[in-house]
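Q:
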Amino acid sequence: MAFSSFPRPLDLDPQVVTFGCRLNSYESEVMLDHARAQGLQNAVIVNTCAVTAEAERQARQTIRRLKRENPSATIIVTGCSAQMNAQFYAEMPEVDRVLGNHEKMMSKNFAPVLSDRVHVTDIMTIKETSNHLVSGFENHVRAFIQIQNGCDHRCTFCAIPFGRGNNRSVPIGEIAAQIRALTDQGCREIVFTGVDITGYGADLPGKPTLGQMTRRILSLTPDLPRLRLSSIDPVEVDEELMTLIVREPRLMPHLHLSLQAGDNMILKRMKRRHSREQAIDFCARVSKARPETVFGADLIAGFPTETDEMFENTLNIVEACSLTYLHVFPYSPRQGTPAARMPQVEKTVIKERAQRLRMVGEQRLSAYLHNSIGQNRSVLVERKAKGHTEHFTPVKFSASDQIDRFQGHIVPVTVLGVEGKNLVVTRNG
Ligand code: SF4
11 MAFSSFPRPL
21 DLDPQVVTFG
31 CRLNSYESEV
41 MLDHARAQGL
51 QNAVIVNTCA
61 VTAEAERQAR
71 QTIRRLKREN
81 PSATIIVTGC
91 SAQMNAQFYA
101 EMPEVDRVLG
111 NHEKMMSKNF
121 APVLSDRVHV
131 TDIMTIKETS
141 NHLVSGFENH
151 VRAFIQIQNG
161 CDHRCTFCAI
171 PFGRGNNRSV
181 PIGEIAAQIR
191 ALTDQGCREI
201 VFTGVDITGY
211 GADLPGKPTL
221 GQMTRRILSL
231 TPDLPRLRLS
241 SIDPVEVDEE
251 LMTLIVREPR
261 LMPHLHLSLQ
271 AGDNMILKRM
281 KRRHSREQAI
291 DFCARVSKAR
301 PETVFGADLI
311 AGFPTETDEM
321 FENTLNIVEA
331 CSLTYLHVFP
341 YSPRQGTPAA
351 RMPQVEKTVI
361 KERAQRLRMV
371 GEQRLSAYLH
381 NSIGQNRSVL
391 VERKAKGHTE
401 HFTPVKFSAS
411 DQIDRFQGHI
421 VPVTVLGVEG
431 KNLVVTRNG
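Counting from 11, one number per residue, gives the positions in the sequence shown under the numbering used here.
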């Protein structure tokens, strides 16, 4: 689990350390806005994640280091791990304030002085999303925006609903206003983020689907050149969304799938909603209609009761679904989840299987990158002569391009070569 930022030497401006998902990154921007608006100084917000035990261990380690290096700083802990283990963080001497996932979105909770140290509500009682117009992802030409929060599913390995609560969606009007505010500031790409975005709309009047909302948003924001979806559940993609995925040029041809496994018995024990065959059919259908689409997926190695044969099915679904980008998670039991009570696979076996999956992933990615040489792509130019293609492949511009003056522009390029996980490109024209 990567940090997305570690604070520069502490100055008066509040800072944030973000763990976990894109939704956390979006919320970290909101919290920074609140902290600045409240005049909070000499403070670090640690926005935690509870997806794995390792993520929580890293958060605790970071909190201790922050306080050791900045004894006078105010340490505010929030995020899913704080939501689920508030008392634990309240008892850490390094921690000055604990905010739940609902409370962290309220400006008043970032006042320099607050009565209580712990402000955490039962997240299952929260019915609405607290949406905020972020003032912009610093210098970013791409921004994550929250369209949905929480989840109504109860996959047997997952603790997220206990940190995020039940499914709740942001009304279409608010999403459109947020995108307009960001494109007015030069943002050229928006990433729809949430916890279970294919659950979008189930709680709204008229129950608009993710596909209907996306079509409406695209018509309300003609100035937005690029839209991306964060992780989707392939079996919950509605027909309208499928049409956009295969036909809409402003919806980027890169899909990250929440697959988790490739074996039907394991999928059943995970309480996932799709079968191996449905996942393969989904990718085949998209590839047939829009062949340039690139797929990524989350896969868990070593789920309880997984035999060698079942694992082989997860290994070979990589090829069967033409996956290029893999996020591999070695199974780690989450307290209170049904999977934690199932017969566990040995840690060494989990580790070995995760390693094998990662190796297959690296081979697929390397093949994809090398097959791109000589091809044309379109790149959104970001900072320091870097950017991403429409398939979300990171690129580096050749030195001769002097590309910085094109920051924030989408430019046609030709792929010259491969450098690590990057494509080396040159601007056409
Ligand atoms: S869909 Fe399943 S894995 Fe995803 S957040 Fe909900 S319970 Fe967790």
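Ideal placement from N, C-alpha and C gives every residue a C-beta, glycine not left out. It should be emphasised that the depicted structure is a prediction, and the values quoted were computed from it without experimental measurement.
Tell me the rounded alpha-carbon separation between Ile207 and Arg75.
A: A direct Cα-to-Cα measurement between Ile207 and Arg75 gives close to 35 Å.
Q: Express the C-alpha separation of Arg300 and Gly306 in angstroms, rounding to a whole number.
A: Straight through space, the alpha carbons of Arg300 and Gly306 are spaced by roughly 15 Å.
Q: Taking only the alpha-carbon atoms, compute the straight-line gap between Cys161 and Thr436 and give it to the nearest angstrom.
A: 43 Å
Q: Taking the runs of the beta strand (DSSP E) that are 3 residues or longer, which of them lie wholly in the region 274-350?
A: 304-311 and 333-340
Q: Ends of the beta strand (DSSP E) at Glu429?
A: Ile420 to Glu429
Q: Mind checking whether the beta-carbon of Cys197 lies closer than 7 Å to any heavy atom of ligand 1?
A: no
Q: Taking just the CA atoms, how far does Ile182 sit from Arg226?
A: 8 Å
Q: In its own chain, which residues sit with a C-beta less than 8 Å from the C-beta of Glu429, not counting the 5 before and 5 after it?
A: Lys406
Q: Indicate the three-state DSSP secondary structure (helix, strand or coil) for Leu261 in the structure shown.
A: strand
Q: Here's the rule: buried if 16 or more other CB atoms are within 10 angstroms of the residue's CB, otherwise exposed. What is Pro17?
A: Low confidence applies here, because Pro17 scores a pLDDT of 49, under 50, leaving its location unreliable and the question unanswered by this model.
Q: How is Gln48 classed by DSSP in three states: helix, strand or coil?
A: coil
Q: If you measure between the beta carbons of Leu22 and Gln51, is that distance less than 8 Å?
A: yes
Q: Can you have a look at Val123 and say buried or exposed, based on whether 16 or more other CB atoms are within 10 angstroms of its CB?
A: exposed
Q: Using 10 angstroms around the beta-carbon of Thr131, count the other beta-carbons present and answer buried if the total reaches 16, otherwise exposed.
A: exposed
Q: Whole angstroms are fine: how far does the CA of Asp411 sit from the CA of Glu66?
A: 43 Å
Q: I'd like to check one pair, Gly427 with Ile360: are the Cβ atoms closer than 8 Å?
A: no
Q: For a test of your reading of the model: does the CB of His264 fall under 7 Å from any non-hydrogen atom of ligand 1? Yes or no.
A: no
Q: Nearer than 7 Å: is that true of the beta carbon of His337 relative to any heavy atom of ligand 1?
A: no
Q: Quick check: the Cα distance between Leu433 and Leu390, rounded to an integer number of angstroms?
A: 13 Å
Q: What is the rounded straight-line gap between the Cα of Phe339 and the Cα of Gly439?
A: Note on geometry: alpha-carbon atoms of Phe339 and Gly439 lie some 42 Å from one another.
Q: Identify whether Leu192 lies in helix, strand or coil by the three-state DSSP scheme.
A: helix
Q: Closest to Val201 by CA distance: which of Gly216, Asn95, Val151 and Thr358 is it?
A: Val151
Q: Let me confirm a value: Ala12 is counted as buried when at least 16 other C-beta atoms fall within 10 Å, else exposed. Which label applies?
A: Low confidence applies here, because Ala12 scores a pLDDT of 42, under 50, leaving its location unreliable; read the following figure in that light. Counting the other CB atoms within 10 Å of its CB gives Ala12 a total below 16, which places it among the exposed residues.
Q: Over the uninterrupted beta strand (DSSP E) stretch that includes Pro171, give me the two end residues.
A: No beta strand (DSSP E) holds Pro171; the alpha helix (DSSP H) holding it covers Ile170 to Arg174.
Q: Applying the 10 Å Cβ sphere with the 16-neighbour rule, what's the burial state of Arg270?
A: Looking at the sequence shown, residue 270 is not Arg but Gln. It counts as buried.
Q: What do you reckon, are the CB atoms on Thr72 and Asp106 nearer than 8 Å?
A: Cβ distance not < 8 Å, so Thr72 and Asp106 don't count as in contact.
Q: Once you ignore the five residues that flank Asp139 on each side, which residues in its own chain have a CB closer than 8 Å to its CB?
A: Here the sequence assigns Thr to residue 139, which means Asp is not the residue at that position. Closer than 8 Å at Cβ, skipping near neighbours: Gln156, Gln158, Asn159, Arg178, Ser179 and Val180.
Q: Go ahead and pull the three-state DSSP assignment for Phe16.
A: A caution first: Phe16 carries a pLDDT of 47, below 50, which makes its placement in the model unreliable, though a value can still be read off. Here Phe16 sits in coil by DSSP.
Q: Just checking Cys161 against ligand 1 - is the residue's beta carbon closer than 7 Å to any of the ligand's heavy atoms?
A: yes
Q: Is it the case that the Cβ atoms of Leu336 and Leu367 are separated by a distance below 8 Å?
A: yes
Q: From the DSSP secondary-structure annotation, give me the bridge partner or partners of Ile55.
A: For Ile55, which the question treats as bridged, DSSP gives the partners Val26 and Ile86.
Q: Once DSSP output is grouped into helix, strand and coil, what is the label at Val435?
A: Three-state result, Val435: strand.
Q: Specify, as a first and last residue, the run of the alpha helix (DSSP H) that Glu113 falls within.
A: In the DSSP annotation of this structure, Glu113 is not part of any alpha helix (DSSP H), being labelled neither H nor E.
Q: Under 8 Å: do the region 252-266 and the region 310-323 share three or more Cβ pairs, one atom per stretch?
A: Look at the beta carbons and you see the region 252-266 not touching the region 310-323: under three pairs across the two are nearer than 8 Å.
Q: Could you tell me whether the Cβ atoms of Arg236 and Arg198 are closer together than 8 Å?
A: In contact: Arg236 and Arg198 (Cβ atoms closer than 8 Å).
Q: Quick test of your reading: Glu400 and Ser408, contact by CB under 8 Å. State the CB separation rounded to the nearest angstrom.
A: In fact, because the Cβ distance is near 19 Å, the residues do not count as touching under 8 Å.
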